[in-house]
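*Asks:*
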Amino acid sequence: MKKYFLVLAMLPSLLGIAFAQKIKQERINVQYTQLPGAPLDPSFTTYTVRIRGGSYHLESMRTTPAALEKFFTMDGFKKIPGGGHFTIDVNIGFLRIESDKMESTSTKVKQKDGTEKTVTTYYKTIQWSLPISWRLYDYEGKVVFDTYWVGRDKLQTYNTPSSNTTGEASRYWADNYNRITNDLASNHINSNLREMGQHIRQSFDFQKIVRATDELEVLREKDEEYAEYNQAFETVKVAFAQMTPDQPVDKLRETVKPAVEFWLKAKDKYDPTDKKQKGLIHACLFNTASVFYWLDDLESAERYANQANDLDWKEGRSKRLLREIEGTRKLFAANKVTTRHIFRDLENAIPPAKAIELAEKAEEEAANSAVFNGHL
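Residues 21 to 396 (my numbering) make up the sequence shown, in order.
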């Protein structure tokens with residue numbers, strides 16, 4: 021979620037106080053549910069994770085398939101051992117050495133007598149692969165996707181340390197083969213499963229975002245109208261501090277109403293033909309639009325963001341906000357909701373009465389029974 025700055029601008033006094041008062045930034049907390057980009061059936065509340073294959077590598081990593089399921093933790097669904105509304109099925113292959121090539125690097129080193137000496141060092145370039153495939157299917161056996169996250173064709177490269185001779189380079193690779201390949205496999209599996217879990221959450225999960233912050237800009241205490249503007253800031257800050265990802269924000273809209281009314285009244289006192297005052301009008305409109313955005317009133321947010329954008333004043337911020345509003349509107353439509361503050365009762369989630377478990381794919385079974393050195 022992109023961060024937007026809410027600027028609490030200062031009203032001019034009847035005595036014509038200059039519009040150049042300094043402001044400071046103050047943080048507020050925001051919480052919401054990040055809606056899935058490709059939502060599953062809305063009736064789904066439970067899921068199952070299966071990690072298969074890669075037994076040699078998992079043993080060397082001193083871990084188990086069950087332990088790797090942590091990468092697929094979801095906020096919006098209840099994880100159960102089997103028979104969930106949908107299953108995330110991950111197949112880990114085996115590391116295979118695709119090529120083993122001796123390389124050399126030559127550099128010129130200046131000697132004490134002023135002459136140059138060519139020094140050649142040697143190292144091995146190892147290309148390897150370790151496929152990981154996955155699929156997601158529902159309890160009726162309907163496959164949502166079935167693909168390789170990383171295939172045999174995605175080669176990885178490892179270079180041994182430089183050695184003085186080809187023999188030393190070869191011995192290093194031979195002597196450290198198990199350690200190196202175990203480390204490569206461990207890092208590969210962990211990093212890819214982590215990315216796969218992130219992809220799952222972005223696509224299908226209702227993620228609880230509880231540590232997001234935004235910033236309001238308030239007048240410094242030395243300014244004459246500090247009290248009024250600080251009150252508006254505190255009004256929003258207190259309201260947003262009560263925000264949670266799974267509770268409606270209707271009451272919060274009422275709480276922030278005095279601050280919103282303050283901004284909208286303030287903007288009407290400025291002269292849009294004056295450059296500095298136009299900036300203050302933009303600030304009030306952008307403030308209002310941003311607060312409505314966080315409280316899921318997209319129509320009001322868009323209306324005031326458009327008004328701010330029409331002022332032709334630092335329009336980049338209002339344009340970004342408009343894009344964010346449009347993106348959230350699409351998520352609302354895809355999920356058939358009108359809010360990002362959604363309660364999902366996982367404690368009482370009930371799995372389907374009967375769930376189909378798809379068999380492990382034949383090609384993965386063959387891969388998992390292959391010799392570790394990769395002669396598949």
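All C-beta atoms in this analysis are idealised placements derived from N, C-alpha and C, irrespective of residue type, glycine included.
(1) Beta-carbon within less than 6 Å of methionine 108's beta-carbon, same chain only, minus the 5 sequence neighbours each way: which residues are those?
(2) Would you mind giving the Cβ-Cβ distance between glutamate 136 and valine 129, rounded to the nearest angstrom? I have them listed as a contact below 8 Å.
(3) Unbroken alpha helix (DSSP H) runs of length 4 or more, entirely within the segment 135-178: which are they?
(4) Do you know how far the Cα of tyrosine 67 is from the Cα of arginine 360?
(5) Opposite tyrosine 67 in the DSSP bridges: which residues?
(6) Assuming aspartate 95 contacts phenylalanine 226 under a Cβ cut-off of 8 Å, what Cβ separation, rounded to an integer in Å, is found between them?
(7) Taking the alpha carbon of tryptophan 169 as the reference point, which residue from Leu284, Arg337, Ser211 has its own alpha carbon closest?
(8) In three-state terms, what does DSSP make of arginine 72?
(9) Of all the options Ala369, Cys304, Thr264, Asp294, which has the alpha carbon lying nearest to the alpha carbon of glutamate 13?
(10) Indicate whether isoleucine 112 and isoleucine 71 have their beta-carbon atoms separated by less than 8 Å.
(11) Which two residues bound the contiguous beta strand (DSSP E) that contains serine 183?
(12) Is the beta carbon of tryptophan 154 closer than 8 Å to that of arginine 116?
(13) Since proline 56 contacts asparagine 250 with CB under 8 Å, what's their CB separation in whole angstroms?
(14) Just reading off the beta strand (DSSP E) that lysine 121 is part of, what are its end residues?
(15) Let me check understanding here. Comparing Cα to Cα, which of Pro265, Thr233, Thr84 lies closest to phenylalanine 363?
(16) Give a yes or no on contact between the segment 308-316 and the segment 273-288, applying the rule of three or more CB pairs nearer than 8 Å.
(17) Terminal residues of the continuous alpha helix (DSSP H) containing tyrosine 313?
(18) Among residues of its own chain, excluding the 5 on either side of serine 206, which ones have a beta-carbon nearer than 8 Å to its beta-carbon?
(19) Going by the beta-carbon positions, is the gap between glutamate 160 and tyrosine 143 smaller than 8 Å?
(20) Tell me whether phenylalanine 13 is buried or exposed, calling it buried when 16 or more other Cβ atoms sit within 10 Å of its Cβ.
(21) How big is the Cα-Cα spacing for alanine 379 and glutamate 215?
(22) Where threonine 255 and tyrosine 313 are concerned, what is the direct C-alpha to C-alpha distance, given to the nearest angstrom?
(23) Three-state secondary structure (DSSP) at tyrosine 52?
(24) Count the other C-beta atoms from every protein chain shown that fall within 10 angstroms of the C-beta of glutamate 89, then say buried if there are 16 or more, exposed otherwise.
(25) Taking the alpha-carbon positions, what's the aspartate 332 to alanine 58 distance?
(26) Please identify the residue among Thr53, Lys98, Asn184 whose C-alpha is closest to the C-alpha of glutamate 367.
(27) Considering only residues of the same chain and omitting the five flanking positions on each side of histidine 105, which have a CB-CB separation below 7 Å?
(28) Could you tell me which residues DSSP pairs with isoleucine 112 in its beta bridges?
(29) Please work out which residues of its chain come closer than 8 Å, Cβ to Cβ, to asparagine 202, disregarding the five sequence neighbours upstream and downstream, and give them in chain order.
(30) Less than 6 Å between C-beta atoms, sequence neighbours within five positions excluded: which residues of the same chain meet that for tyrosine 324?
*Replies:* Considering the structure as presented:
(1) Looking up residue 108 in the sequence shown gives position 88. First, the residue type needs correcting, since residue 108 is isoleucine and not methionine in the sequence shown. So the qualifying residues of the chain are Val69, Phe92, Leu156.
(2) In the sequence shown, residue 136 corresponds to position 116, counting from 1. In the sequence shown, residue 129 corresponds to position 109, counting from 1. Sure, about 7 Å apart at Cβ, within 8 Å.
(3) none
(4) Stepping through the sequence shown from its first residue, residue 360 is reached at position 340. Stepping through the sequence shown from its first residue, residue 67 is reached at position 47. If you take the alpha carbons of arginine 360 and tyrosine 67, they lie about 22 Å apart.
(5) Residue mapping note: residue 67 aligns to position 47 of the sequence shown, counting from 1. BP columns for tyrosine 67 point to Lys99, Phe106.
(6) Taking the sequence shown and counting its residues from 1, one reaches residue 95 at position 75. Taking the sequence shown and counting its residues from 1, one reaches residue 226 at position 206. Indeed they touch by this definition, with Cβ atoms about 6 Å apart.
(7) Walking along the sequence shown from the start, residue 169 turns up at place 149. The shortest C-alpha separation from tryptophan 169 is found at Ser211.
(8) Residue mapping note: residue 72 aligns to position 52 of the sequence shown, counting from 1. DSSP places arginine 72 in strand when its eight states are reduced to three.
(9) This structure leaves residue 13 out entirely; the chain is present only between 21 and 396.
(10) Taking the sequence shown and counting its residues from 1, the one referred to as residue 112 is at position 92. Taking the sequence shown and counting its residues from 1, the one referred to as residue 71 is at position 51. Taking 8 Å as the Cβ cut-off, isoleucine 112 and isoleucine 71 qualify as a contacting pair.
(11) The count along the sequence shown starts at 1 and reaches residue 183 at position 163. Unbroken run through serine 183: none, as it is neither H nor E.
(12) Along the sequence shown, read from residue 1 onward, the residue named residue 116 stands at position 96. Along the sequence shown, read from residue 1 onward, the residue named residue 154 stands at position 134. Their beta carbons are not under 8 Å apart, which means arginine 116 does not touch tryptophan 154 by this criterion.
(13) Position 36 of the sequence shown, counted from the first residue, corresponds to residue 56. Position 230 of the sequence shown, counted from the first residue, corresponds to residue 250. Going by Cβ atoms, the distance from proline 56 to asparagine 250 rounds to 39 Å, so no, they are not a contact pair.
(14) Locating residue 121 in the sequence shown gives position 101, counting from the first residue. 116-130 is the extent of the beta strand (DSSP E) around lysine 121.
(15) Within the sequence shown, residue 363 is the residue found at index 343, counting from 1. Closest by alpha carbon: Pro265.
(16) yes
(17) Numbered from 1 along the sequence shown, position 293 holds the residue referred to as residue 313. Here the alpha helix (DSSP H) through tyrosine 313 covers 295-314.
(18) Residue numbering aside, residue 206 sits at position 186 when the sequence shown is read from its first letter. Excluding sequence neighbours, serine 206 sits near His77, Ser80, Met81.
(19) Working through the sequence shown from its first residue, we reach residue 160 at position 140. Working through the sequence shown from its first residue, we reach residue 143 at position 123. No, Cβ-Cβ distance for glutamate 160 and tyrosine 143 is not below 8 Å.
(20) For the chain, the structure presents residues 21 to 396; residue 13 sits outside this window and is missing.
(21) By one-based count along the sequence shown, residue 379 stands at place 359. By one-based count along the sequence shown, residue 215 stands at place 195. Rounded to whole angstroms, alanine 379 to glutamate 215 spans 25 Å at the Cα level.
(22) Taking the first residue of the sequence shown as 1, we reach residue 255 at position 235. Taking the first residue of the sequence shown as 1, we reach residue 313 at position 293. When rounded, the distance between both Cα atoms is 16 Å.
(23) The sequence position of residue 52 within the sequence shown is 32, counting from 1. Tyrosine 52 falls in the strand class under three-state DSSP.
(24) If you number the sequence shown from 1, residue 89 lands on position 69. Buried: at least 16 other Cβ atoms inside 10 Å.
(25) Taking the first residue of the sequence shown as position 1, residue 332 is located at position 312. Taking the first residue of the sequence shown as position 1, residue 58 is located at position 38. If you take the alpha carbons of aspartate 332 and alanine 58, they lie about 36 Å apart.
(26) Reading the sequence shown from its first residue, position 347 is the one you call residue 367. The residue with the shortest Cα to Cα distance from glutamate 367 is Lys98.
(27) As a position in the sequence shown, residue 105 is number 85, starting the count at 1. So the list reads Phe64, Thr65, Thr66, Tyr67, Asp158, Tyr159, Pro371, Pro372, once near-sequence residues are dropped.
(28) Within the sequence shown, the letter at position 92 stands for residue 112. Partner(s): Gly73, Ile152.
(29) Residue 202 sits at position 182 when you count from the first residue of the sequence shown. Hits under 8 Å: His77, Ser80, Met81.
(30) As a first step, residue 324 is located in the sequence shown; it is residue number 304 there, counting from the start. Once the five neighbours on either side are set aside, the close Cβ partners of tyrosine 324 are Leu305, Thr308, Ala309.
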